[in-house]
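Asker: Heads up, the sequence shown is in the working numbering, so the first residue is 96 and it goes up one at a time.
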Amino acid sequence: MHFMPHERRTLLKMWLLVSLAVSIVLIQHDAEALGGAAFLMTPLLIALFTVGLGVVLHEVAHKWLAQRYGAHAEFVADNTMLLVGVLLALFGFLFAAPGAVHIHHLRDHEKRGRVALAGPMSNFLLALMFFGLWLFVQYPPVERVLSFGSSINVLIAVFNLIPLGPFDGAKVLGWSKAWYAGSVTACIALIFFLLANGLWL
Numbered sequence: 096m097h098f099m100p101h102e103r104r105t106l107l108k109m110w111l112l113v114s115l116a117v118s119i120v121l122i123q124h125d126a127e128a129l130g131g132a133a134f135l136m137t138p139l140l141i142a143l144f145t146v147g148l149g150v151v152l153h154e155v156a157h158k159w160l161a162q163r164y165g166a167h168a169e170f171v172a173d174n175t176m177l178l179v180g181v182l183l184a185l186f187g188f189l190f191a192a193p194g195a196v197h198i199h200h201l202r203d204h205e206k207r208g209r210v211a212l213a214g215p216m217s218n219f220l221l222a223l224m225f226f227g228l229w230l231f232v233q234y235p236p237v238e239r240v241l242s243f244g245s246s247i248n249v250l251i252a253v254f255n256l257i258p259l260g261p262f263d264g265a266k267v268l269g270w271s272k273a274w275y276a277g278s279v280t281a282c283i284a285l286i287f288f289l290l291a292n293g294l295w296l
């Protein structure tokens, strides 16, 4: 996968600022959100390896598949929205619109749909990974972090599958109703499974 000279720095900036915003909210609500785990692991570390990682992988998944299809793909951060996200976090609100992968020279309708789907599915798979790790962990603070990571990433997937405007869901639905329905169903099934097993935010 090819990155522009500045692109790694841009992705790192997004990772850090999104994680900072999430950590600010966790500091305000850590007892409810993480069952006290934040007293043993700093909120910033928790955010870096749950939400921050999920957001970065989401964008990298778009970029990777677009490049596999021969397109030019570059992540461009929205610096204003990144700062707005941090400011809103100070008041207890979580908001993230960190930027997007700009894709050029990819006209094939199906390939564009698959590239759009790659982002939410990366979050879905990360949610499954956190759940898989939870199965083998016997330490409650870490269990809560893994539960949080699984929950937040499946929510990121569902949010991005909204079939409106600039969301990935609109592109996926425009490409294939079957793939869209299957993706949404898988995410909702995982949410119900997590809720049924007490593994939720």
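For every residue, glycine included, the Cβ atom is placed at its ideal position computed from N, Cα and C.
Quantities reported herein were computed from a predicted structural model and do not represent experimental measurements.
Report all residues from its chain with a CB closer than 8 Å to the CB of L139; omit the five preceding and five following residues, and keep chain order.
Answerer: So the list reads S114, L115, S118, once near-sequence residues are dropped.
Asker: CB-CB under 8 Å to A281, same chain, minus the five flanking residues each way: which ones, in chain order?
Answerer: If we look at A281 and ignore the five residues flanking it on each side, its Cβ neighbours are F219.
Asker: How long is the line joining the alpha carbons of K266 and H167, rounded to whole angstroms?
Answerer: Distance between the alpha carbons of K266 and H167: 18 Å.
Asker: Take A191 as the anchor and find which of V120, V279, V232, A273 has the nearest alpha-carbon.
Answerer: Comparing Cα-Cα distances from A191 to each of V120, V279, V232, A273, the minimum goes to V120.
Asker: Taking the alpha helix (DSSP H) that A184 belongs to, which residues open and close that run?
Answerer: From DSSP, the alpha helix (DSSP H) with A184 extends over 174-184.
Asker: What's the gap between the Cα of L256 and the Cα of L223?
Answerer: C-alpha separation (whole angstroms): 17 Å.
Asker: Where does I257 fall in DSSP's three states?
Answerer: The answer is coil: DSSP assigns I257 none of H, G, I, E or B.
Asker: Would you list the residues sitting across from H157 in a DSSP beta bridge?
Answerer: BP columns for H157 are empty, so no partner.
Asker: With the cut-off set at 8 Å, would you say L73 and F226 are in Cβ contact?
Answerer: Residue 73 lies beyond the stretch modelled for the chain, which goes from 96 to 296, so this question has no answer here.
Asker: Can you grab the Cα-Cα spacing for the pair A273 / P215, in whole Å?
Answerer: Spanning the two alpha carbons is a distance of roughly 16 Å.
Asker: When we look at the beta-carbon of A128 and count the other beta-carbons within 10 Å, is it buried (16 or more) or exposed?
Answerer: The predicted model places A128 with a pLDDT of 49, which falls under 50 and marks its position as unreliable, so this point remains unresolved.
Asker: In the DSSP assignment, find the beta strand (DSSP E) that holds V196 and state where it starts and stops.
Answerer: It spans 194-199 - the beta strand (DSSP E) in which V196 sits, taken as one unbroken run.
Asker: Could you please give the first and the last residue of the uninterrupted alpha helix (DSSP H) stretch that includes L289?
Answerer: Residues 272-291.
Asker: Would you report the Cα separation of L241 and E169, rounded to the nearest angstrom?
Answerer: Those two C-alpha atoms are separated by around 30 Å.
Asker: Report the residue from Q162, L112, I141 whose alpha carbon sits nearest the alpha carbon of M176.
Answerer: When each option's Cα is compared against that of M176, the closest is L112.
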